[in-house]
Amino acid sequence: AAAGTVARHLVMAGQLLDSDPELAHRHAQEARRMAGRVAVVREAAGQAAYAAGHYAEALSELRAARRLNGSAAFLPMMADAERGLGKPERALELAADPAAEELDSAGKAELLIVRAGAERDLGDLDAALRTLQVKALDSRRRIGWVARLRYAYADLLLEAGHERDAVEWFTRAAEADVDGATDADDRLAELAGLTVLAVDDEDDFDGLEPLDARSGGKPGSDDADSDGPSGAQTSAPAAVAGDEAPSREG
Numbered sequence: 361a362a363a364g365t366v367a368r369h370l371v372m373a374g375q376l377l378d379s380d381p382e383l384a385h386r387h388a389q390e391a392r393r394m395a396g397r398v399a400v401v402r403e404a405a406g407q408a409a410y411a412a413g414h415y416a417e418a419l420s421e422l423r424a425a426r427r428l429n430g431s432a433a434f435l436p437m438m439a440d441a442e443r444g445l446g447k448p449e450r451a452l453e454l455a456a457d458p459a460a461e462e463l464d465s466a467g468k469a470e471l472l473i474v475r476a477g478a479e480r481d482l483g484d485l486d487a488a489l490r491t492l493q494v495k496a497l498d499s500r501r502r503i504g505w506v507a508r509l510r511y512a513y514a515d516l517l518l519e520a521g522h523e524r525d526a527v528e529w530f531t532r533a534a535e536a537d538v539d540g541a542t543d544a545d546d547r548l549a550e551l552a553g554l555t556v557l558a559v560d561d562e563d564d565f566d567g568l569e570p571l572d573a574r575s576g577g578k579p580g581s582d583d584a585d586s587d588g589p590s591g592a593q594t595s596a597p598a599a600v601a602g603d604e605a606p607s608r609e610g
């Protein structure tokens with residue numbers, strides 16, 4: 361009976377995560393109260409706390425889950441929670457964790473986004489841009505994490521004053537965004553001076569390594585091979601990890 365109740369709380373937490381994160385958080389807390397030694401319960405509690413903006417609690421829960429199961433899957437969320445607490449240096453430390461090599465493509469991309477966000481928080485836009493200048497930007501895949509990577513890059517370009525390049529990458533983000541992972545279309549409309557009306561309406565990937573500076577490769581150029589070897593930047597490098605791992609935009 362207790363196991364069934366825990367399961368129901370976890371299901372409700374998952375269903376409400378986007379629409380009502382505070383209620384999802386309460387369901388996850390109740391599941392944690394009943395089964396606090398189960399890794400998946402602690403992970404759910406951490407996700408719900410993160411979604412509700414309770415970053416210190418999210419970190420505590422996700423650290424506990426990692427101690428229980430040894431998984432690095434929530435490193436991007438943990439790093440972004442550190443950003444939420446105003447600790448970008450700590451976020452960068454987590455982004456450089458060697459365990460990041462265990463992440464899937466979506467997780468590696470998410471960790472790069474978090475790392476770039478932390479560098480942006482520290483006022484180093486050039487470093488943030490370099491972090492996201494990876495071959496994955498030129499992927500031919502139309503999937504959420506590719507869209508988010510391009511979106512984060514476009515957002516940084518815009519902040520750095522490169523509006524024309526930003527428009528290009530917001531456009532490419534929109535092209536890859538078949539699931540509504542970003543608001544790239546809205547950003548493009550804003551840049552064009554238009555008003556947007558709201559309406560209702562695993563993947564192996566190569567290319568998360570830095571571009572080869574010696575070849576002069578740049579995202580969008582012929583030198584950026586979208587089918588090159590994979591690997592996150594963890595020595596110099598957060599959602600979110602399935603294809604849509606949660607993360608605050610850079």
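Residues in the sequence shown are numbered consecutively from 361, following our numbering. Note that CB positions come from ideal geometry on N, CA and C, so glycine has one too.
Measuring only the C-alpha atoms, how far is residue i from residue j?
i      : j      : result
ARG532 : ASP525 : 11 Å
ILE503 : LEU509 : 10 Å
THR542 : LEU516 : 15 Å
VAL506 : LEU518 : 18 Å
ALA544 : GLY364 : 41 Å
GLY477 : HIS369 : 33 Å
ASP498 : THR491 : 15 Å
ASP587 : ARG501 : In this predicted model, ASP587 has a pLDDT of only 36, less than 50, meaning its place in the structure is not dependable enough to derive any value.
LYS447 : ASP486 : 19 Å
GLY430 : ASP378 : 27 Å
GLN375 : GLU382 : 12 Å
ALA418 : ALA534 : 31 Å
ALA596 : GLY406 : Confidence in ALA596 is poor, its pLDDT being 30 and thus under 50, which makes the residue's placement unreliable; the coordinate value appears in the next sentence. Each residue's alpha carbon lies about 27 Å from the other.
LEU371 : GLY540 : Checking the sequence, you will find Val at residue 371 rather than Leu. When rounded, the distance between both Cα atoms is 23 Å.
GLY467 : ASP380 : 24 Å
ASP457 : ALA373 : 29 Å
Reducing DSSP to helix, strand and coil, say where residue i ends up.
i      : result
VAL371 : helix
VAL494 : strand
LYS447 : coil
GLY521 : coil
THR365 : helix
SER420 : helix
LEU377 : coil
ILE503 : coil
GLN407 : helix
VAL527 : helix
VAL401 : helix
ALA433 : coil
ALA487 : helix
LEU516 : helix
ALA460 : helix
VAL474 : helix
LEU428 : helix
HIS414 : coil
ASP545 : helix
Find the nearest neighbour of residue i within the set the options, judged by alpha-carbon distance.
i      : options                        : result
ARG427 : ARG397, LYS447, GLY446         : ARG397
ALA367 : ALA404, ASP378, ASP380         : ALA404
ARG547 : VAL538, ASP539, TRP529         : TRP529
LEU489 : LEU472, ASP457, ARG443, ALA411 : LEU472
GLU550 : GLU523, GLY540, VAL400, ASP537 : GLU523
ALA362 : SER379, ARG393, ALA399         : ARG393
ARG480 : TYR513, HIS387, GLY467         : TYR513
ALA536 : TYR511, GLY553, ALA552, VAL527 : TYR511
HIS414 : MET437, ALA534, SER465         : MET437
GLU421 : GLU449, ALA388, LYS447         : ALA388
GLY483 : GLY553, ARG386, GLU449         : GLU449
ALA552 : ASP539, ALA456, VAL527, ASP457 : VAL527
Quick test of your reading: residue i and residue j, contact by CB under 8 Å. State the CB separation rounded to the nearest angstrom.
i      : j      : result
LEU452 : ALA416 : No, LEU452 and ALA416 are not in contact; Cβ-Cβ is about 18 Å, not under 8 Å.
ALA496 : ALA469 : 6 Å
LEU454 : ALA433 : About 13 Å; that fails the 8 Å criterion.
ALA391 : VAL401 : 5 Å
ALA460 : LEU435 : 6 Å
ALA384 : ALA408 : 5 Å
VAL494 : ARG443 : With a Cβ gap of about 20 Å, VAL494 and ARG443 do not count as contacting.
For chain B, is any of its Cβ atoms less than 8 Å away from the one on residue i?
i      : result
ARG500 : Any reference to chain B falls outside this structure, which holds one protein chain only.
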